[in-house]
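Residue numbers (our numbering): 141 to 477.
Don't be surprised by glycine CBs; every beta carbon is placed ideally from N, CA and C.
Treat the numbers as computed from the prediction; the structure is a model and nothing was measured.
Pasting the structure below:
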């Protein structure tokens, strides 16, 4: 009997030890799981929600978005994106603005004038940072570039065309008349046409203008210009930029050279540019957005001028025009094919 009692006591002791070990293991697992959940909550609270609105998808505006997102990533900003595009349809802008209003984003990045205008017209309580806007005052986005009021600021892509024209004339000194295509629905383009015409007149040069309503108008517009112009100046016009390959091919068929206010259209086939680098402009806009997300007030963030211009030459187009890429005018330029 004594032996049996001893054995029973030993068995009960082992069971108790196993029960304690199991309980301790469960507690440790639960603690680890709770710690993991805590970390996830903390990471989630650090994430900002940003609405990105492009007016249309083309090389330049895509670059402005890419530069913006890359800079956020470089600065360690974790962002949940609400990524929207109007696909060139101005009538959709208000709908997109209403969607962002419902999403309760922390900040909106509006790329191109129509996007920025639409966001401002609908949303008044969320910070809006724009890029790819030529005339923020004329577009009604701000009243004073140096002291923004309300919830809007950003980076303008205005570039004085005078220096670019002077460089182009070194290559084509006999040019007397430039042509320009512009979207009849973009306020951004109207301003540029006026500025371009004024600049050319000051240099004793002429400008032939043709407005287009859609991409289908471009071939006919170039045909109507071809007998009147010596070269084409491409604005930072979203409709025309979206159709850069069509513009370039039609010009080359008529042996007409081209100059662009921004690099995206050179990548699409136009000859040369010493204009806006939109990826760098996107990064510049992101720097402003980061300041706002960290608590800076928009009234303390004046609208900034574009900081980075790029000299770019399309080598294939130069070859088709019979140009020598060793020409001093191309010195310092990035040659792309």
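Take the Cβ of residue i as the centre, count every other Cβ of all protein chains shown within 10 Å, and call the residue buried at 16 or more, exposed below.
| i | result |
| --- | --- |
| residue 205 | buried |
| residue 403 | buried |
| residue 257 | buried |
| residue 378 | buried |
| residue 409 | buried |
| residue 275 | buried |
| residue 363 | exposed |
| residue 277 | exposed |
| residue 360 | exposed |
| residue 334 | exposed |
| residue 303 | exposed |
| residue 480 | This structure gives no information on residue 480, because the portion of the chain shown stretches from 141 to 477. |
| residue 435 | exposed |
| residue 288 | buried |
Can you list, in chain order, the residues of its chain with a C-beta nearer than 7 Å to that of residue i? Leave out the 5 residues immediately preceding and following it.
| i | result |
| --- | --- |
| residue 470 | 453 |
| residue 215 | 430 |
| residue 177 | Interpretation of residue 177 is limited by its pLDDT of 26, a score under 50 that renders its predicted location unreliable; the figure taken from the coordinates is listed afterwards. Answer for residue 177: no residue qualifies. |
| residue 307 | 414, 469 |
| residue 310 | 469 |
What does a CB cutoff of less than 8 Å around residue i pick up in its chain, not counting 5 residues either side in sequence?
| i | result |
| --- | --- |
| residue 407 | 199, 384, 452, 454, 476 |
| residue 222 | 189, 190, 191, 192, 239, 240, 243, 245 |
| residue 234 | 258, 261, 262 |
| residue 449 | 299, 414, 415, 416, 417 |
| residue 358 | 321, 352, 380, 383, 386, 387, 390 |
| residue 232 | 226 |
Thinking C-alpha only, which one of the options is nearest residue i?
| i | options | result |
| --- | --- | --- |
| residue 417 | 295, 280, 268 | 295 |
| residue 286 | 430, 438, 459 | 438 |
| residue 299 | 382, 401, 397, 251 | 401 |
| residue 265 | 216, 284, 458, 292 | 292 |
| residue 412 | 373, 356, 367, 337 | 373 |
| residue 207 | 428, 305, 301 | 428 |
| residue 419 | 186, 236, 254, 272 | 272 |
| residue 194 | 434, 248, 440, 255 | 255 |
| residue 290 | 267, 457, 355, 252 | 267 |
| residue 478 | 325, 279, 458 | Residue 478 cannot be examined here, being either before or after the span of the chain that is shown, 141 to 477. |
Looking only at DSSP bridge pairs, what is residue i linked to?
| i | result |
| --- | --- |
| residue 251 | 194, 271 |
| residue 318 | 347, 371 |
| residue 444 | 295 |
| residue 399 | 373, 412 |
| residue 224 | 193 |
| residue 83 | Beyond the ends of the chain as shown, which are 141 and 477, falls residue 83; an answer cannot be given. |
| residue 188 | 219 |
Between residue i and the rest of its own chain, which residues show a CB-CB distance below 6 Å, the 5 nearest in sequence each way excluded?
| i | result |
| --- | --- |
| residue 323 | 329, 377, 379 |
| residue 212 | 219, 426 |
| residue 197 | 225 |
| residue 446 | 297, 416, 421 |
| residue 460 | 392 |
Go to residue i, then tell me how far its alpha helix (DSSP H) extends in each direction, as first and last residue.
| i | result |
| --- | --- |
| residue 338 | 327-342 |
| residue 353 | Looking at the DSSP string, residue 353 is not in any alpha helix (DSSP H), and its letter there is neither H nor E. |
| residue 217 | It is not in any alpha helix (DSSP H) - residue 217 carries neither H nor E in the DSSP assignment. |
| residue 242 | 233-243 |
| residue 407 | 403-407 |
| residue 391 | 384-393 |
| residue 451 | Counting along the chain, residue 451 falls outside any alpha helix (DSSP H), though it belongs to the beta strand (DSSP E) covering 449-454. |
| residue 307 | 301-311 |
Go to residue i, then tell me how far its beta strand (DSSP E) extends in each direction, as first and last residue.
| i | result |
| --- | --- |
| residue 293 | 292-296 |
| residue 374 | 371-374 |
| residue 416 | 412-416 |
| residue 475 | 474-476 |
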